[in-house]
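Before any comments, here is the structure.
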Amino acid sequence: MTANQTKMLQLADERYGKTGIYAVNSWLRLQNECASLPIDQQLDRVNSFFNERTRYVDDRLTWGQDDYWATPLETLGMGQGDCEDFSFAKYVTLHLLGVPVEKLRLTYVRARLTTIDGIRNQAHMVLSYYPTPDSPPLILDSLRSEIMPASQRSDLFPIFSFNTENLWTNGAAAPAGNAVTRLSHWRDVLRRMHEEGVN
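Going by my numbering, the letters in the sequence shown line up with residues 893 to 1091, in that order.
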């Protein structure tokens, strides 16, 4: 995966002005700083970058839609997004840093949240990093700053996961099909990202 930096900066200027240019430049600087770091530091830096710089805001307030998957440029430019946007931006950034796609999965989960009204379950998305094909993944989450093994996230119940190559259901080891073909939101955000200069 590569990013056309000139095109992204031009689009950031056109759509979001100086704020957008600053956000994209910060993102590009992050990639330069992380390029030679070991993977554990790359994961930590990328996770912290988006968790600290991006406000968690519902799609209805940001985009006027119930479920809109934003490109990294849109998330950076708006400075806000929901769980899918955080996870996708981290996925793309790590892939641009050279992390193989087979080590990364966007994972839909049911998250058990404790609120002032009690415990409730909520649909949520996280980014899972698999150090090896058989190892339990590390979880990069917009709800927590610390990256933890999935085995320590008893509050998350996986439903399905996917990347640009495959789709997995219910924790199955074998893929259930091609995610780009089967998930229209995924197909759409990849198309828009391509138009913005990330291929």
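The C-beta atom is built at its ideal place from N, Cα and C for all residues, glycine as well.
Bear in mind the structure is a predicted one, so any value in this text is a computation, not a measurement.
Query raised in the report: In three-state DSSP terms, what is residue 1055?
Result: Looking at residue 1055 - three-state DSSP - the assignment turns out to be coil, as it is neither helix nor strand.
Query raised in the report: When every heavy atom of the ligand ZN is checked, does at least one fall within less than 7 Å of the C-beta of residue 1034?
Result: Because no ligand of any kind appears in the structure shown, any question about the ligand ZN cannot be addressed here.
Query raised in the report: Would you say residue 980 and residue 964 are within 8 Å of each other, going by their C-beta atoms?
Result: Yes, Cβ-Cβ distance for residue 980 and residue 964 is below 8 Å.
Report task. Can you tell me which of the three DSSP states residue 971 falls into? Result -> It is coil, neither helix nor strand.
Requested in this report: Can you have a look at residue 997 and say buried or exposed, based on whether 16 or more other CB atoms are within 10 angstroms of its CB?
Outcome: Residue 997 counts as buried, since at least 16 other C-beta atoms from the protein chains shown sit within 10 angstroms of its C-beta.
Query - Distance between beta carbons of residue 1002 and residue 1051, contact taken as under 8 Å - result: About 6 Å separates the two Cβ atoms, so the contact holds.
Query raised in the report: If you scan the segment 998-1026 from start to end, which runs of the beta strand (DSSP E) of 3 or more residues do you find wholly inside it?
Result: Along the segment 998-1026, the beta strand (DSSP E) occurs as fully enclosed runs of 3 or more residues at 1010-1021, listed in sequence order.
Report task. Identify whether residue 919 lies in helix, strand or coil by the three-state DSSP scheme. Result -> In this structure, residue 919 counts as helix in the three-state DSSP scheme.
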